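**Q** Next up is a structure, given as C-alpha cells.
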Amino acid sequence: MTERPVSKDAIRERLAGKTGRHFWRALEELANTEEFHRFSRREFPMLHSNGINIDRRSLLKVMAASLALSGLSACKGEEDEEALPYVESPEGITVGIAKWYATAVTFAGYVQPVLGKTFAGRPVKLEGNPDHPASRGATDAFTQAALLGLYDPGRSQTPLHLGKPADWEAFDAEMAANASALDTVQGQGFRVLTTPFSSPTMHIRIEAMMRRWPKARWHVCDPLPDAARLDATQRVFGRQLIFQPAFAAAETIVSLDDDFLGPGPFQTANARSFADRRRLRQEKQGGCRLFVAEPTPSLTGTVADMRLSASHSAMDRLLRAIGSEIGFEGLGEVSLVEHERRWVASASSALRTSKSKGLILIGAHHDADLQTLGLLINERLGSLGNTLRFLDPIIAPAPDGSRSLDALAADMQAGKVSTLAIIGANPAYHAPADLGFRDALQKVKLRIHAGLYVDETASFSHWHVPLQHDLESWSDGHAVDGSTIICQPLVRPFYAVRSAHVVLENLMARAATDRDLVQETWRTAWGQAFDERWRDALNRGFVSDTAASPVSPAVLDRTIPSAAAVSGSGLNLAIRPDAGVWDGTLSENAWAQETPRPLTKITWGNAILISPQLASRRQLENGAEVRLMADRAAITGPVWIMPGQEEDTITVTLGYGRELKDSIAAGLGYDAYTLRRSSALWHIPGVTIEPTGNTLQVATTQLHQAIDGFDFIRTVETGELDPQSRASRKLKPPSLYPDRPMSDPSWGMSIDLDLCIGCNACVTACQAENNIPVVGKDLVAEGRQMHWLRIDHYHEGDVTAPKSYFQPVPCMHCEQAPCEMGCPVNAAVHSIDGLNLQIYNRCIGTRTCSSYCPYKVRRFNWFDFTEGDTDSVKAMRNPDVTVRSRGVMEKCTYCVQRIAEARIVADKDGRPIRDGEIVTACQQACPTQAISFGNVADPNSAVSRRKAGSRDYSLLEEANTRPRTTYLARIEDSAIAKVEAAG
Numbered sequence: 002m003t004e005r006p007v008s009k010d011a012i013r014e015r016l017a018g019k020t021g022r023h024f025w026r027a028l029e030e031l032a033n034t035e036e037f038h039r040f041s042r043r044e045f046p047m048l049h050s051n052g053i054n055i056d057r058r059s060l061l062k063v064m065a066a067s068l069a070l071s072g073l074s075a076c077k078g079e080e081d082e083e084a085l086p087y088v089e090s091p092e093g094i095t096v097g098i099a100k101w102y103a104t105a106v107t108f109a110g111y112v113q114p115v116l117g118k119t120f121a122g123r124p125v126k127l128e129g130n131p132d133h134p135a136s137r138g139a140t141d142a143f144t145q146a147a148l149l150g151l152y153d154p155g156r157s158q159t160p161l162h163l164g165k166p167a168d169w170e171a172f173d174a175e176m177a178a179n180a181s182a183l184d185t186v187q188g189q190g191f192r193v194l195t196t197p198f199s200s201p202t203m204h205i206r207i208e209a210m211m212r213r214w215p216k217a218r219w220h221v222c223d224p225l226p227d228a229a230r231l232d233a234t235q236r237v238f239g240r241q242l243i244f245q246p247a248f249a250a251a252e253t254i255v256s257l258d259d260d261f262l263g264p265g266p267f268q269t270a271n272a273r274s275f276a277d278r279r280r281l282r283q284e285k286q287g288g289c290r291l292f293v294a295e296p297t298p299s300l301t302g303t304v305a306d307m308r309l310s311a312s313h314s315a316m317d318r319l320l321r322a323i324g325s326e327i328g329f330e331g332l333g334e335v336s337l338v339e340h341e342r343r344w345v346a347s348a349s350s351a352l353r354t355s356k357s358k359g360l361i362l363i364g365a366h367h368d369a370d371l372q373t374l375g376l377l378i379n380e381r382l383g384s385l386g387n388t389l390r391f392l393d394p395i396i397a398p399a400p401d402g403s404r405s406l407d408a409l410a411a412d413m414q415a416g417k418v419s420t421l422a423i424i425g426a427n428p429a430y431h432a433p434a435d436l437g438f439r440d441a442l443q444k445v446k447l448r449i450h451a452g453l454y455v456d457e458t459a460s461f462s463h464w465h466v467p468l469q470h471d472l473e474s475w476s477d478g479h480a481v482d483g484s485t486i487i488c489q490p491l492v493r494p495f496y497a498v499r500s501a502h503v504v505l506e507n508l509m510a511r512a513a514t515d516r517d518l519v520q521e522t523w524r525t526a527w528g529q530a531f532d533e534r535w536r537d538a539l540n541r542g543f544v545s546d547t548a549a550s551p552v553s554p555a556v557l558d559r560t561i562p563s564a565a566a567v568s569g570s571g572l573n574l575a576i577r578p579d580a581g582v583w584d585g586t587l588s589e590n591a592w593a594q595e596t597p598r599p600l601t602k603i604t605w606g607n608a609i610l611i612s613p614q615l616a617s618r619r620q621l622e623n624g625a626e627v628r629l630m631a632d633r634a635a636i637t638g639p640v641w642i643m644p645g646q647e648e649d650t651i652t653v654t655l656g657y658g659r660e661l662k663d664s665i666a667a668g669l670g671y672d673a674y675t676l677r678r679s680s681a682l683w684h685i686p687g688v689t690i691e692p693t694g695n696t697l698q699v700a701t702t703q704l705h706q707a708i709d710g711f712d713f714i715r716t717v718e719t720g721e722l723d724p725q726s727r728a729s730r731k732l733k734p735p736s737l738y739p740d741r742p743m744s745d746p747s748w749g750m751s752i753d754l755d756l757c758i759g760c761n762a763c764v765t766a767c768q769a770e771n772n773i774p775v776v777g778k779d780l781v782a783e784g785r786q787m788h789w790l791r792i793d794h795y796h797e798g799d800v801t802a803p804k805s806y807f808q809p810v811p812c813m814h815c816e817q818a819p820c821e822m823g824c825p826v827n828a829a830v831h832s833i834d835g836l837n838l839q840i841y842n843r844c845i846g847t848r849t850c851s852s853y854c855p856y857k858v859r860r861f862n863w864f865d866f867t868e869g870d871t872d873s874v875k876a877m878r879n880p881d882v883t884v885r886s887r888g889v890m891e892k893c894t895y896c897v898q899r900i901a902e903a904r905i906v907a908d909k910d911g912r913p914i915r916d917g918e919i920v921t922a923c924q925q926a927c928p929t930q931a932i933s934f935g936n937v938a939d940p941n942s943a944v945s946r947r948k949a950g951s952r953d954y955s956l957l958e959e960a961n962t963r964p965r966t967t968y969l970a971r972i973e974d975s976a977i978a979k980v981e982a983a984g
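Read in the numbering used here, the sequence shown has 259 at position 258, and its numbers run on one by one without any break.
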C-alpha cells in the first residue's frame, strides 16, 4: 500500500461523538481514507500495486538464504559420534526417524537451552528444552532463527589473509611466530577482544593466556551493556548483582521504561513467569496489574493495564512521585501534569495494596542514579527478596568494566597495542562513533579477526578466520538462571572452521579440539565423578542443580540520589536494539529479517519512529525520508508514525546500515551506531530532523489481510470473569448446511489473547517447521509474504495514547469452510478429524479458496523458490513437510505431520492419542503458553476446557464458518478502566 499523508482532522472527526469500542490497525484505517477502502476491498491487493523492481541477482540472493535451511549440496552432514541423543541412541540411523539432542545456542552472552531434531545427521528444527527450569520448553524468535544460521551459505568458510583465501596451516605458522615473540616481552602489546560470554571454558582459556602473558590484557565489546544496574547494586549493596524479578509472585508491577517482556536473552523466562501470574488472575486467585510508563511503545507496554506515554527524562519525576505516594521520605516536590498524576495515583494505590508483592522496575538504559532510587523504593515496599531477587553476575566480568572497549581504543590510539585478536566481536561496526575505533585499529601492527562472517571488522584485519556455529561445536555456558549447560554439536562442521576455544589456543601456538578443551574444564571441576556427570549433562541438556541461588544482600547505603536535571525543550532520541536482528548479530539471517516487527510490522530494514503529533507538525507521512542529526553525526532514513509515541521522542533501532559485500543485509536501513557516544548509548537530547523531500519504501505487513468493518478483538473486565467452564453455553447457530459428524479425535486450537505478548516466537517456529520460504523486501512490500501465521496488531482509542492488542491468526480450520466449497478442483478438503487440508498436487492456482476465505490466511506461491534445487538441498528441509512449488496455495495445517507422527506411535502402542501428546510448532515455542491444541471431541481435554470458558469466542461468528480455532478474550482491569474513562 502506498502511504499518503493522514489528516489529523479526519481522525478527530471520525472519533468525535463515537460510542462503543473501535479497534484499528493503521492510521489510514482510522482516518477512514478512500485509499484504505480501495486497498482493503481488493481481494489481492498485490495484483494492483506497481510492478516490482527486483533484479535477478537480488532475488537469487534472498532465495539462497531461504533455501539454506535445507542444507548445502557440498555438506556431508555427518553426526558427531561423541554427542549423546536426548532420549535414546538407536543402532545406526533409521531413515525417517528423528534423533533428538540436548544442546544450546548462544545469545547476548547467555546460552539458550534447546533440543535439536536431526534426520540422517542433519538438524532440521530447534525446540526449547522442556526439562530446563528457565525456559520449560519455550523459545523466542531469535532461538528459532538460529538454525538458519547453521546453513547460511554466506557464512565464512575459509581463512583469509589480507582479504585473500589462505589456509589454517599458514595461520598457525604466523601465530606460532607471534607467540614466540610475545613470550620474550611477557605479552606486552597483546590484546584479546571478545563479546560478552558466560562460558567457563572460554574464561579459563583467557585466564591461562593472561598467566602466560601477564602484560597482555583482555577486553570486551558489549554494544548493549547492563552497566547502570550493576553500578546501582554496587552502590546500594556493596557488590555487583543482576536483577532476577519474580513476576509470578508480583501482584502489581510498575515498569518505568523497562521492556521486560520485549526481545532479549531474558524474554522467554520473563514471559513464562509473567504468564504464570496472569493465569492466577484469570482464575481469580490473585491480582496481576501492570503499569507502564515509556517514551516509545514496547511489548510490555502493549499488555499493560495502564500505560503512560512519557519522555525519557520524565522517568525520574514519576519514580519520585510514586515514592512519595507510598511514604518514601526525602524525595522533594514533584511537578506532574494531569495525565501523569492520574497514572501515578493508580500505580501508587496498587503498590500500597500489594506491599511486598509489588515491584518497580527501571529500564536498563537509564542511569545508575535512577536505578539506585528504584532499589531503595523497592526496599521501602518490602520487594527485595520477594518480587525482586538478585544473582551474582553470570556474564564473565571484563577487567575494565563497562569502559573496556574505551580503554582498548585509547591504547590503540596511543600506539600501545601491537597485536589485537578479536574473537567473535565486530567493534568496527558496534563501537560508539566517538571512540574512532576504525582509525585506531589501523595503528595496530597485527590484526586478527575470528567470526562467523566476513564483517566490517574482518575487512580491517590482516587475518580473518572462520568460527564454528554453535550447533556444530562443543562448548559450555550459563543460562539466564545461572544453570550450566554443556553444548554438544548436532552435526560435524560443514567447512574448515574452528571454535573460539580452539582459536584462543592457536594464538598461543597450541593445538587442541573443542571437545577436549571443554572436557578438560569439567574433568578438573568434577574429578572422579566426571564420566557420570558428563553423560548426565549431555542427556539432560544441563548440569543438574547448578541454577544460581538468589542472593539476599544487605542494604549498605541508602543515600538518595539527586533529582535529575530538567531536560530542555526539543526532540529527544531513544536508541533501542531491533526486535528482528537485535544489535546486528542476526542481520544475515533471512528469517529474522522477514519476521514482521511486533509493533510496526516492518520487515527488511528499520525506520525512524516519530509521534503522530510530530508528524502533524512537520507534515510528515510514513516513508518520508528525513535527515536526523545528533551533535555532529547524522543518518537518513524513512519515518514511521508510531501511535502512542511520546510527542517529542524519536526512536531509532540498531542492527542495520551494514557495510557488507554480497550480503542480504547490504543496503538495508540506516546505521544508528554512528549516532552513539560512549557517554550516551541510549538517549541523546536536542536532536533535529529535516525532510529531504524523498520517499523510501518501507516493507510493512501491518495492513496486509486487513478486513474493514469488523472488530476482531474482544475484552472482558475482571469483575465479569467466570473461571468455571460451562459447555452448555456454547450453542451453534443454525446453518443451511448439514452438520458434519464429529469424529474422535477431532482437532482444534484455542489462543488466549490475555497471554499473547506478540513476541513472534510462534511465527518463526512455524516457518522453521513447515519449510516456509522467505521472499525478500520487495515481495513483502507487494503483499506476497508466505508466513502461515500472522500476528495482527490492533489499536484502540486516540492515536496519541491508544491501547494495543495482539491477535495471532492461523488458519481457522472451519467446520463449514468456504474455501472447500469454492475450490473448483477439490484441492481444499476436510479430513475426518476436522482439519481443513490443501492437496498441493491438485491445486491449479485459481486462488478461489483465498477469495472465499473471510480470514485471509492463505498464501500463494507467486514464484518457484525451489526451482533448481539439488537432491541434497531438498533432503535437508524438514522431510515430514512437502515443499511447495510455484502456483500452489498453502496455509497452516495444524502441523498435520506431527498429528500423523503421534497417531503412528499411538497405533503401535495400541492406545488412543493422549491429551497433550500433539504439540504444534507455534504452541511449543510460545513462552506464555497462550496457544492450546488438542482433541475437541474430548470434553476433558485442555483445549476443550478452554473453549468451554466464558471468554471463548470465534472470529466473524456471523459468517457461521464454525472455526476450530477460537480465542479467549483479553482481560482488562475494571478499576483501571474507570480511571481511564474518567480521564
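Just so you know, even glycine gets a beta-carbon here, dropped at the ideal spot from N, CA and C.
None of the values given here were measured: they were computed from a predicted structure.
With a threshold of 7 Å on Cβ separation, who are the neighbours of Asn179 within its own chain once the five nearest residues in sequence on each side are excluded?
**A** Thr420, Leu447, listed in sequence order.
**Q** Runs of 4 residues minimum, wholly inside the segment 304–330: which ones carry the alpha helix (DSSP H) assignment?
**A** Correct list: 315–326.
**Q** Of all the options Ile609, Leu572, Met203, Leu838, which has the alpha carbon lying nearest to the alpha carbon of Thr689?
**A** Closest by alpha carbon: Leu572.
**Q** In the structure shown, what three-state DSSP assignment does Gln187 receive?
**A** Here Gln187 sits in coil by DSSP.
**Q** Specify the secondary structure class of His431 as computed by DSSP and reduced to three states.
**A** Of the three classes helix, strand and coil, the one that applies to His431 here is helix, per DSSP.
**Q** Return helix, strand or coil for Met176, following the three-state DSSP convention.
**A** Helix, per DSSP.
**Q** In the DSSP assignment, the alpha helix (DSSP H) including Arg123 goes from what residue to what residue?
**A** Not the alpha helix (DSSP H): Arg123 falls in the beta strand (DSSP E), residues 123–129.
**Q** Check whether the segment 824–841 and the segment 886–906 are in contact - that is, three or more C-beta pairs closer than 8 Å.
**A** Yes: at least three Cβ pairs fall under 8 Å.
**Q** Along the chain, where does the beta strand (DSSP E) that runs through Phe807 open and close?
**A** Note, Phe807: beta strand (DSSP E), 804–810.
**Q** Tell whether a beta-carbon distance below 9 Å holds between Ala634 and Thr675.
**A** Their beta carbons are under 9 Å apart, which means Ala634 touches Thr675 by this criterion.
**Q** Since Leu320 and Leu371 should fall inside the 8 Å C-beta cutoff, what is the C-beta to C-beta distance between them, to a whole number of angstroms?
**A** Going by Cβ atoms, the distance from Leu320 to Leu371 rounds to 7 Å, so yes, they are a contact pair.
**Q** For Gln925, which residues from the same chain have a beta carbon less than 6 Å from its beta carbon, with the 5 sequence-adjacent residues on both sides left out?
**A** Result list for Gln925: Glu128, in chain order.
**Q** Less than 9 Å separating the beta-carbons of Thr269 and Pro928?
**A** A contact, by the Cβ cut-off of 9 Å.
**Q** Could you give the distance in angstroms between the alpha-carbon of Gly52 and the alpha-carbon of Gly784?
**A** The predicted position of Gly52 is uncertain, since its pLDDT is 47 and thus under 50; a value taken from the coordinates is nonetheless stated next. Using only the alpha carbons, I get a separation of about 12 Å.
**Q** Does DSSP put Arg213 in a helix, a strand or coil?
**A** Arg213: helix per DSSP, three-state reduction.
**Q** Determine the extent of the beta strand (DSSP E) in which Gln283 is found, giving its start and end residues.
**A** Here Gln283 belongs to no beta strand (DSSP E); instead the alpha helix (DSSP H) covers 268–283.
**Q** Whole angstroms are fine: how far does the CA of Glu326 sit from the CA of Asp723?
**A** Going from the Cα of Asp723 to the Cα of Glu326 covers about 34 Å.
**Q** Closer than 8 Å: is that where the CB of Asp834 sits relative to any heavy atom of the ligand ATP?
**A** Absence of the ligand ATP from the depicted structure is noted, as is the absence of any ligand whatsoever, leaving it without description.
**Q** Using the rule of at least 16 other Cβ atoms within 10 Å of the residue's Cβ for burial, across every protein chain shown, is Asn842 buried or exposed?
**A** Label assigned to Asn842: exposed.
**Q** Whose C-alpha, out of Gly581, Asn623, Tyr102, is nearest the C-alpha of Leu704?
**A** Nearest option by C-alpha distance: Asn623.
**Q** Sorted by chain position, which residues of the same chain lie with C-beta nearer than 6 Å to Ser985's C-beta, five sequence neighbours on each side aside?
**A** Because the chain here runs from 2 to 984, residue 985 falls outside it and cannot be looked at.
**Q** Enumerate in chain order the residues of its own chain whose CB-to-CB distance from Phe172 is below 8 Å, with the five nearest sequence positions on each side excluded.
**A** The residues are Pro160, His162, Trp464, Val466, Asn507.
**Q** Across the segment 513–529 and the segment 465–482, are there enough close Cβ pairs to call them in contact, namely three or more that are closer than 8 Å?
**A** Yes, since at least three Cβ pairs between the segment 513–529 and the segment 465–482 fall closer than 8 Å, the two stretches touch.
**Q** Tell me whether Arg965 is buried or exposed, calling it buried when 16 or more other Cβ atoms sit within 10 Å of its Cβ.
**A** Counting Cβ neighbours within 10 Å, Arg965 comes out buried, since at least 16 surround it.
**Q** In whole angstroms, give me the CA-to-CA distance for Val640 and Gly888.
**A** Answer to the nearest angstrom: the Cα atoms are 36 Å apart.
**Q** As an exercise, report each continuous beta strand (DSSP E) stretch of at least 3 residues that is fully enclosed by the segment 714–774, in chain order.
**A** Fully enclosed beta strand (DSSP E) runs of 3 or longer: 716–718, 748–753.
**Q** Would you report the Cα separation of Asp258 and Leu574, rounded to the nearest angstrom?
**A** Rounded to the nearest angstrom, the two C-alpha atoms are 14 Å apart.
**Q** Taking just the CA atoms, how far does Val582 sit from Asp881?
**A** Their backbone Cα atoms lie some 29 Å apart in a straight line.
**Q** How would you call Gln1, buried or exposed, if buried means at least 16 neighbouring beta carbons within 10 angstroms?
**A** This structure does not reach residue 1, given that the chain is present from 2 up to 984, and the question cannot be answered.
**Q** Within a Cβ cutoff of 6 Å, which residues of the same chain sit near Ala351, ignoring the five residues on either side of it in sequence?
**A** Taken in chain order, the residues that qualify are Thr253, Arg290.
**Q** Could you tell me how far apart the beta carbons of His220 and Leu406 are, in whole angstroms, since I believe they sit closer than 8 Å?
**A** Right, the Cβ-Cβ distance comes to about 6 Å (below 8 Å), so this counts as a contact.
**Q** Which class does Tyr152 belong to by DSSP, given the choice of helix, strand or coil?
**A** If DSSP states are grouped into helix, strand and coil, Tyr152 belongs with the helices.
**Q** Let's see if you can read the secondary structure: which residues bound the alpha helix (DSSP H) around Pro819?
**A** It spans 819–823 - the alpha helix (DSSP H) in which Pro819 sits, taken as one unbroken run.
**Q** Tell me which residues share the same chain as Arg218 and place their Cβ nearer than 6 Å to its Cβ, disregarding the 5 neighbours each side in the sequence.
**A** These residues qualify, in order along the chain: Arg192.
**Q** For the alpha helix (DSSP H) containing Cys815, name the first residue and the last one.
**A** No alpha helix (DSSP H) contains Cys815, which DSSP labels as neither H nor E.
**Q** Please classify Phe495: does DSSP put it in a helix, a strand, or coil?
**A** Here Phe495 sits in coil by DSSP.
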